[in-house]
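Comments concern the structure below.
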Amino acid sequence: MENTESQFEWIKFQVKDATLGCDRTLDIPVLVKNIQSSKRRFRIRVTSDFNQVDRLVEWFLAIQDQKTKNFTLSPIDTIKVEEEFDVDARKERKLVLQITSPKGGYQNDSATFKFVIESEDGIHKKDGQFTVQLAPVIMALKTTVGNEYQVSKDLERQSEKDKQERLERDPNATNEVLAIMSPYEVKGYVFVETMHPDRVSFIAKGIKGYKGSVEGDIKLEEIEHYLTPKPAVTGLELGAFVELIDGPFKGEKAKIISIDSGKEEVTVQLVESMVPIPVTVRAEAIRQLDNK
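In terms of our numbering, the sequence shown has 313 at position 292, counting the first letter as 1, and numbering is strictly consecutive.
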């Protein structure tokens, strides 16, 4: 990844290649100083090159100054991006190049932005470039406590159905859900990796136990300790009361009568059954209750 930092007497800026999720922004501050004793005019020009699946997908560029100018860019739209501005003698002026990634981009789509900043008198000139590549983001979905696992399963099923429906009109359609993580220790939330958070929220509507999405992205380092999960039987004890959350006895209350740590299975006895039948299930298929 290129990382270029320029700091001259008349200009300061820092650019580097970056990865962004869809519909996310990247700010590049630029500070221009007029080191001479009279007002001078400067100009900034931006050109762009694209490498993306869908040529119609649009990126957005804003040049934020005293007024903001907005531009829509795509492989088929060759808009001239140029802005002139004056800087008083011995003063400085801050601009911000703001890149907004497209909502409907595909993973690994990219755009390279080249810019030139120069004084009208030709004394000063500086250029730079950076590439923005689209990458998945991690979002959090809120669920009712105890329904995290079921929401994850239903979301997986719904997202696959959504993909099949979209494939009928878009041969490049992919599953909006790249991965789902529902850590045993986290109650009321599941984590989803996706290219399009807005699509995941739409797909999840109607799923029992889904309560909405959390605003903002989750950093991998915030949840990576869950990627090495504890054994599912951790914390379970003989005689503990549990609720079955998956399988034919879903919703039934039971009591643990045996634990097989090697297979991560437990044998439970249904407490409301007229005949005390032992049932062996995966440890992930139960939720521990407060002991009665």
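Note that the Cβ used here is the ideal one computed from N, Cα and C, for glycine as well.
Hey, residue i and residue j: beta-carbon distance below 8 angstroms or not?
i, j, result
"Leu291", "Val302", "no"
"Asp191", "Leu155", "no"
"Lys90", "Glu105", "no"
"Gly48", "Val117", "The sequence shown places Asp at residue 48, not Gly. Their beta carbons are under 8 angstroms apart, which means Asp48 touches Val117 by this criterion."
"Glu273", "Glu293", "yes"
"Ser69", "Ala132", "yes"
"Pro218", "Met160", "yes"
"Asn193", "Val108", "no"
"Arg76", "Pro96", "yes"
"Gln119", "Gln73", "no"
"Lys240", "Gly209", "no"
"Leu41", "Ser173", "no"
"Asp38", "Phe151", "yes"
"Met216", "Cys43", "yes"
"Phe71", "Gly149", "no"
"Pro50", "Lys115", "yes"
"Lys232", "Thr165", "yes"
"Ile298", "Val287", "no"
Am I right that residue i and residue j are in contact with their C-beta atoms under 8 angstroms? What's the rounded C-beta distance?
i, j, result
"Glu113", "Leu52", "6 angstroms"
"Glu139", "Phe63", "7 angstroms"
"Ala200", "Leu257", "At roughly 26 angstroms, the Cβ-Cβ gap does not stay under 8 angstroms, so Ala200 and Leu257 are not in contact."
"Gln171", "Gly230", "6 angstroms"
"Val137", "Lys146", "7 angstroms"
"Lys276", "Val289", "6 angstroms"
Establish whether the CB of residue i and some CB of chain B are separated by less than 8 angstroms.
i, result
"Tyr247", "This model lacks chain B altogether; it includes just one protein chain."
Between residue i and the rest of its own chain, which residues show a CB-CB distance below 8 angstroms, the 5 nearest in sequence each way excluded?
i, result
"Ile224", "Leu176, Gln179, Ser180, Asp183, Glu197, Val198"
"His246", "none"
"Ile228", "Val172, Asp175, Leu176, Gln179"
"Ser234", "Met160, Ala161, Leu162, Lys163, Pro218, Val221, Ser222, Ala225"
Output needed for residue i: all residues of its chain with C-beta closer than 6 angstroms, excluding positions within five of it in sequence on either side, in chain order.
i, result
"Ser282", "Val254"
"Asn168", "Gly230"
"Pro204", "Tyr247"
"Asp267", "Ala306"
"Ser59", "Ala110"
"Phe92", "Leu82, Ile100, Val102"
"Met22", "In this prediction, Met22 scores a pLDDT of 40, lower than 50, which makes its location untrustworthy; the coordinate-derived value is nonetheless stated afterwards. Excluding positions up to five away in sequence, the list reads Asp38."
Within a Cβ cutoff of 7 angstroms, which residues of the same chain sit near residue i, ignoring the five residues on either side of it in sequence?
i, result
"Gln57", "Ala110"
"Phe270", "Leu291, Val300"
Task: Uninterrupted beta strand (DSSP E) stretches inside the stretch 194-250 (no shorter than 3 residues) - done: Taken in chain order, the complete beta strand (DSSP E) segments of 3 or more residues contained in the stretch 194-250 are 200-202, 210-215, 231-234.
Open item on the list: Would you call the stretch 115-131 in contact with the stretch 62-80, where contact means no fewer than 3 C-beta pairs closer than 8 angstroms?
Closed with: Touching, per the Cβ criterion.
Task: Complete runs of the beta strand (DSSP E) confined to the stretch 55-139 [at least 3 residues] - done: Unbroken beta strand (DSSP E) stretches of 3 residues or longer found wholly inside the stretch 55-139: 61-72, 80-85, 89-94, 102-108, 113-121, given in chain order.
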